[in-house]
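S.K.: In the working numbering, the protein residues as written are 5 to 254.
Supplied in C-alpha coordinates, the structure appears directly below.
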Amino acid sequence: MKHIPLLSGLLASLLLLALSAQAEDISVAVAANFTAPMKLIAAEFEKDSGHKVVASYGSTGKFYAQIKNGAPFEILLAADDETPAKLVKEAVGVSGSQFTYAIGKLVLWSAKPGYVDAAGAVLKKGDFAHLSVADPKLAPYGAAGIETLKALGAYEAAAAKIVTAENITQAYQFISSGNAELGFVALSQVLKDGKIDGSSWLVPAKLYTPIRQDAVILEPGKGKAAAEALMKFLKGDKARAIIKSFGYDL
(Lines of atoms letter the chains of each structure in order from A and count residues from 1; the text may use other names and numbers.)
(Lines give C-alpha, C1' and ligand atoms only; values in the text may rest on other atoms or scores of the structure.)
Protein backbone atom coordinates (compact mmCIF):
# COMPACT_ATOMS: atom_id res chain seq x y z
CA MET A 1 0.00 0.00 0.00
CA LYS A 2 2.95 2.33 0.64
CA HIS A 3 3.78 2.25 -3.09
CA ILE A 4 0.36 3.54 -4.28
CA PRO A 5 1.05 7.31 -3.83
CA LEU A 6 4.37 6.89 -5.66
CA LEU A 7 2.65 4.97 -8.45
CA SER A 8 -0.12 7.59 -8.72
CA GLY A 9 2.47 10.37 -8.94
CA LEU A 10 4.35 8.49 -11.63
CA LEU A 11 1.18 7.96 -13.67
CA ALA A 12 0.29 11.64 -13.35
CA SER A 13 3.76 12.65 -14.52
CA LEU A 14 3.56 10.28 -17.48
CA LEU A 15 0.14 11.68 -18.40
CA LEU A 16 1.48 15.25 -18.30
CA LEU A 17 4.43 14.24 -20.47
CA ALA A 18 2.09 12.61 -22.96
CA LEU A 19 -0.11 15.71 -23.13
CA SER A 20 2.94 17.96 -23.52
CA ALA A 21 4.21 15.80 -26.35
CA GLN A 22 0.88 16.11 -28.16
CA ALA A 23 0.59 19.91 -27.67
CA GLU A 24 1.64 21.96 -30.68
CA ASP A 25 2.24 25.59 -31.59
CA ILE A 26 0.01 26.84 -34.39
CA SER A 27 1.04 29.84 -36.48
CA VAL A 28 -1.98 31.93 -37.47
CA ALA A 29 -2.20 34.99 -39.73
CA VAL A 30 -5.13 37.08 -38.50
CA ALA A 31 -6.85 40.02 -40.21
CA ALA A 32 -6.21 43.16 -38.18
CA ASN A 33 -9.91 43.84 -37.55
CA PHE A 34 -10.15 40.52 -35.71
CA THR A 35 -7.32 41.26 -33.25
CA ALA A 36 -9.37 41.73 -30.07
CA PRO A 37 -11.71 38.73 -30.48
CA MET A 38 -8.83 36.48 -31.59
CA LYS A 39 -6.85 37.22 -28.44
CA LEU A 40 -9.79 36.05 -26.33
CA ILE A 41 -10.46 33.05 -28.56
CA ALA A 42 -6.79 32.03 -28.46
CA ALA A 43 -6.77 32.15 -24.66
CA GLU A 44 -9.86 29.93 -24.43
CA PHE A 45 -8.53 27.55 -27.08
CA GLU A 46 -5.16 27.19 -25.35
CA LYS A 47 -6.90 26.51 -22.04
CA ASP A 48 -9.13 23.84 -23.55
CA SER A 49 -6.69 22.16 -25.94
CA GLY A 50 -3.18 22.64 -24.56
CA HIS A 51 -2.07 23.89 -27.99
CA LYS A 52 -0.50 27.35 -28.28
CA VAL A 53 -1.59 29.98 -30.80
CA VAL A 54 1.19 32.12 -32.27
CA ALA A 55 -0.77 34.90 -33.96
CA SER A 56 0.35 37.64 -36.33
CA TYR A 57 -2.03 40.53 -37.09
CA GLY A 58 -2.12 42.60 -40.26
CA SER A 59 -3.79 43.26 -43.60
CA THR A 60 -5.15 40.36 -45.60
CA GLY A 61 -3.42 41.59 -48.76
CA LYS A 62 -0.01 41.63 -47.13
CA PHE A 63 -0.55 38.19 -45.63
CA TYR A 64 -1.43 36.86 -49.07
CA ALA A 65 1.86 38.15 -50.46
CA GLN A 66 3.81 36.71 -47.51
CA ILE A 67 2.11 33.32 -47.82
CA LYS A 68 2.83 33.19 -51.54
CA ASN A 69 6.47 33.98 -50.75
CA GLY A 70 6.71 31.03 -48.37
CA ALA A 71 5.76 32.45 -44.97
CA PRO A 72 5.10 29.37 -42.77
CA PHE A 73 1.62 30.33 -41.55
CA GLU A 74 -0.60 27.31 -40.93
CA ILE A 75 -3.96 29.07 -40.83
CA LEU A 76 -5.22 32.31 -42.35
CA LEU A 77 -8.14 34.18 -40.81
CA ALA A 78 -8.80 36.63 -43.62
CA ALA A 79 -10.93 39.77 -43.74
CA ASP A 80 -12.58 38.50 -46.92
CA ASP A 81 -13.62 35.25 -48.60
CA GLU A 82 -11.79 35.88 -51.88
CA THR A 83 -8.23 35.53 -50.56
CA PRO A 84 -8.74 32.09 -48.95
CA ALA A 85 -10.54 30.89 -52.10
CA LYS A 86 -7.65 32.16 -54.21
CA LEU A 87 -5.13 30.34 -52.02
CA VAL A 88 -7.10 27.10 -52.32
CA LYS A 89 -7.24 27.51 -56.10
CA GLU A 90 -3.48 28.07 -56.13
CA ALA A 91 -2.96 24.90 -54.04
CA VAL A 92 -1.55 26.91 -51.12
CA GLY A 93 -4.74 26.56 -49.08
CA VAL A 94 -6.16 23.16 -48.17
CA SER A 95 -9.21 22.27 -50.23
CA GLY A 96 -12.35 21.76 -48.14
CA SER A 97 -11.03 23.63 -45.09
CA GLN A 98 -12.38 27.11 -45.94
CA PHE A 99 -15.38 28.43 -44.02
CA THR A 100 -16.88 31.79 -42.97
CA TYR A 101 -16.08 32.51 -39.33
CA ALA A 102 -17.57 36.03 -39.19
CA ILE A 103 -19.37 38.67 -41.23
CA GLY A 104 -17.93 42.10 -40.58
CA LYS A 105 -19.68 45.43 -40.17
CA LEU A 106 -18.34 48.80 -41.29
CA VAL A 107 -18.53 51.92 -39.14
CA LEU A 108 -17.80 55.58 -39.83
CA TRP A 109 -16.22 56.66 -36.56
CA SER A 110 -14.78 59.71 -34.86
CA ALA A 111 -13.13 59.92 -31.47
CA LYS A 112 -14.99 63.22 -30.99
CA PRO A 113 -18.46 62.95 -29.43
CA GLY A 114 -21.16 64.45 -31.66
CA TYR A 115 -18.90 64.72 -34.71
CA VAL A 116 -20.39 61.88 -36.78
CA ASP A 117 -24.17 62.06 -37.11
CA ALA A 118 -26.49 59.05 -37.03
CA ALA A 119 -27.06 59.16 -40.80
CA GLY A 120 -23.46 59.74 -41.96
CA ALA A 121 -24.38 63.11 -43.49
CA VAL A 122 -20.99 64.46 -42.35
CA LEU A 123 -19.49 62.73 -45.39
CA LYS A 124 -21.56 64.80 -47.81
CA LYS A 125 -21.04 68.03 -45.89
CA GLY A 126 -17.28 67.55 -46.14
CA ASP A 127 -16.51 69.58 -43.02
CA PHE A 128 -13.34 67.63 -42.27
CA ALA A 129 -9.69 67.77 -43.32
CA HIS A 130 -8.76 64.10 -43.01
CA LEU A 131 -10.71 60.88 -43.56
CA SER A 132 -8.88 57.71 -42.50
CA VAL A 133 -9.36 54.65 -44.74
CA ALA A 134 -7.36 51.41 -44.76
CA ASP A 135 -5.62 50.68 -48.07
CA PRO A 136 -8.46 49.35 -50.27
CA LYS A 137 -5.98 47.26 -52.27
CA LEU A 138 -4.93 45.35 -49.15
CA ALA A 139 -7.78 45.67 -46.65
CA PRO A 140 -11.40 44.66 -47.39
CA TYR A 141 -12.70 47.18 -44.84
CA GLY A 142 -10.86 49.90 -46.74
CA ALA A 143 -12.44 48.71 -49.99
CA ALA A 144 -15.85 48.79 -48.26
CA GLY A 145 -15.19 52.38 -47.14
CA ILE A 146 -14.44 53.48 -50.70
CA GLU A 147 -17.54 51.63 -51.94
CA THR A 148 -19.61 53.51 -49.36
CA LEU A 149 -18.26 56.90 -50.43
CA LYS A 150 -19.05 56.12 -54.06
CA ALA A 151 -22.53 54.81 -53.22
CA LEU A 152 -23.24 58.09 -51.42
CA GLY A 153 -21.85 60.18 -54.26
CA ALA A 154 -19.26 61.62 -51.86
CA TYR A 155 -16.09 60.06 -53.21
CA GLU A 156 -14.91 62.83 -55.53
CA ALA A 157 -15.25 65.51 -52.86
CA ALA A 158 -13.58 63.35 -50.22
CA ALA A 159 -10.79 61.81 -52.31
CA ALA A 160 -8.23 64.56 -51.61
CA LYS A 161 -8.90 64.26 -47.88
CA ILE A 162 -8.39 60.50 -47.60
CA VAL A 163 -5.50 59.40 -45.40
CA THR A 164 -4.60 55.87 -46.49
CA ALA A 165 -3.64 53.54 -43.65
CA GLU A 166 -1.65 50.33 -44.06
CA ASN A 167 -4.40 48.31 -42.40
CA ILE A 168 -7.54 48.73 -40.33
CA THR A 169 -5.57 48.95 -37.07
CA GLN A 170 -3.58 51.93 -38.37
CA ALA A 171 -6.80 53.50 -39.69
CA TYR A 172 -8.19 53.30 -36.15
CA GLN A 173 -4.98 54.78 -34.71
CA PHE A 174 -5.12 57.77 -37.06
CA ILE A 175 -8.62 58.56 -35.81
CA SER A 176 -8.11 57.83 -32.11
CA SER A 177 -4.97 60.01 -32.06
CA GLY A 178 -6.81 62.91 -33.69
CA ASN A 179 -4.65 62.88 -36.83
CA ALA A 180 -7.87 62.24 -38.76
CA GLU A 181 -11.19 63.66 -37.62
CA LEU A 182 -13.06 60.56 -38.75
CA GLY A 183 -12.70 57.40 -40.79
CA PHE A 184 -13.93 53.94 -41.64
CA VAL A 185 -13.16 51.12 -39.20
CA ALA A 186 -14.57 47.75 -38.22
CA LEU A 187 -17.37 47.76 -35.66
CA SER A 188 -15.35 45.24 -33.63
CA GLN A 189 -12.63 47.85 -33.06
CA VAL A 190 -14.86 50.44 -31.41
CA LEU A 191 -17.59 48.36 -29.76
CA LYS A 192 -16.81 47.88 -26.08
CA ASP A 193 -19.36 46.40 -23.68
CA GLY A 194 -22.09 47.16 -26.18
CA LYS A 195 -21.17 50.86 -26.44
CA ILE A 196 -19.10 53.02 -28.79
CA ASP A 197 -17.09 55.97 -27.47
CA GLY A 198 -16.90 59.13 -29.55
CA SER A 199 -19.50 59.24 -32.33
CA SER A 200 -20.34 56.82 -35.11
CA TRP A 201 -22.57 55.76 -37.97
CA LEU A 202 -23.12 52.06 -38.59
CA VAL A 203 -22.91 51.95 -42.38
CA PRO A 204 -25.94 50.19 -43.92
CA ALA A 205 -24.88 46.84 -45.39
CA LYS A 206 -26.51 47.73 -48.73
CA LEU A 207 -23.80 50.35 -49.38
CA TYR A 208 -20.90 47.89 -49.63
CA THR A 209 -20.13 44.33 -50.62
CA PRO A 210 -20.73 41.96 -47.66
CA ILE A 211 -17.54 41.44 -45.67
CA ARG A 212 -17.50 37.67 -45.34
CA GLN A 213 -14.41 36.74 -43.35
CA ASP A 214 -13.16 33.24 -44.14
CA ALA A 215 -10.63 30.97 -42.48
CA VAL A 216 -8.53 28.40 -44.32
CA ILE A 217 -5.85 25.88 -43.39
CA LEU A 218 -2.65 26.48 -45.36
CA GLU A 219 -0.29 23.81 -46.66
CA PRO A 220 2.13 24.03 -43.66
CA GLY A 221 -0.83 23.20 -41.39
CA LYS A 222 -2.20 20.33 -43.46
CA GLY A 223 -2.78 17.25 -41.30
CA LYS A 224 -1.63 19.08 -38.19
CA ALA A 225 -3.75 18.32 -35.12
CA ALA A 226 -3.49 21.85 -33.69
CA ALA A 227 -4.67 23.44 -36.95
CA GLU A 228 -7.67 21.15 -37.21
CA ALA A 229 -8.47 21.68 -33.52
CA LEU A 230 -8.42 25.48 -33.86
CA MET A 231 -10.67 25.41 -36.94
CA LYS A 232 -13.11 23.21 -35.04
CA PHE A 233 -12.95 25.54 -32.02
CA LEU A 234 -13.76 28.57 -34.22
CA LYS A 235 -17.01 26.85 -35.19
CA GLY A 236 -17.92 26.05 -31.58
CA ASP A 237 -20.14 27.88 -29.09
CA LYS A 238 -17.33 29.51 -27.08
CA ALA A 239 -15.70 31.14 -30.08
CA ARG A 240 -19.02 32.09 -31.66
CA ALA A 241 -20.15 33.84 -28.47
CA ILE A 242 -16.93 35.89 -28.42
CA ILE A 243 -17.22 36.75 -32.12
CA LYS A 244 -20.82 37.88 -31.69
CA SER A 245 -19.93 40.02 -28.67
CA PHE A 246 -17.71 42.15 -30.90
CA GLY A 247 -20.57 42.98 -33.23
CA TYR A 248 -19.95 40.49 -36.00
CA ASP A 249 -22.73 38.52 -37.63
CA LEU A 250 -22.33 34.76 -37.88
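Glycine included, each C-beta is placed from N, C-alpha and C at the ideal position.
Determine whether the beta carbon atoms of Lys56 and Asp29 lie at a separation below 7 angstroms.
M.R.: It is a contact, given that the beta carbons lie within the stated cut-off.
S.K.: How many angstroms separate the CA atom of Tyr119 from the CA atom of Ala184?
M.R.: Answer to the nearest angstrom: the Cα atoms are 12 angstroms apart.
S.K.: Identify the residues that DSSP records as bridge partners of Gly187: which are they?
M.R.: Trp113, Ser136.
S.K.: Report the option in Val58, Glu50, Asp84 whose CA atom is closest to the CA atom of Lys66.
M.R.: Answer by Cα proximity: Asp84.
S.K.: Can the beta-carbon of Ile172 be found less than 7 angstroms from the beta-carbon of Ala138?
M.R.: Yes; because the gap between Cβ atoms is below 7 angstroms, this pair is in contact.
S.K.: Per DSSP, what are the beta-bridge partners of Ile256 in this structure?
M.R.: The requested residue 256 does not occur in the structure, where the chain is confined to residues 5 to 254.
S.K.: Give the secondary structure of Ala158 by DSSP, where H, G and I count as helix, E and B as strand, and everything else as coil.
M.R.: Of the three classes helix, strand and coil, the one that applies to Ala158 here is coil, per DSSP.
S.K.: Could you give the distance in angstroms between the alpha-carbon of Ala163 and the alpha-carbon of Ser203?
M.R.: Cα to Cα, Ala163 sits roughly 22 angstroms from Ser203.
S.K.: How far does the beta strand (DSSP E) with Gly62 in it reach, from first residue to last?
M.R.: 56-62 is the extent of the beta strand (DSSP E) around Gly62.
S.K.: Please state if the CB of Thr87 and the CB of Tyr61 are separated by a distance shorter than 7 angstroms.
M.R.: Contact: no.
S.K.: With a floor of 3 residues, list each beta strand (DSSP E) that falls wholly inside the region 81-108, ordered by position along the chain.
M.R.: Segments of the beta strand (DSSP E) lying fully in the region 81-108: 103-108.
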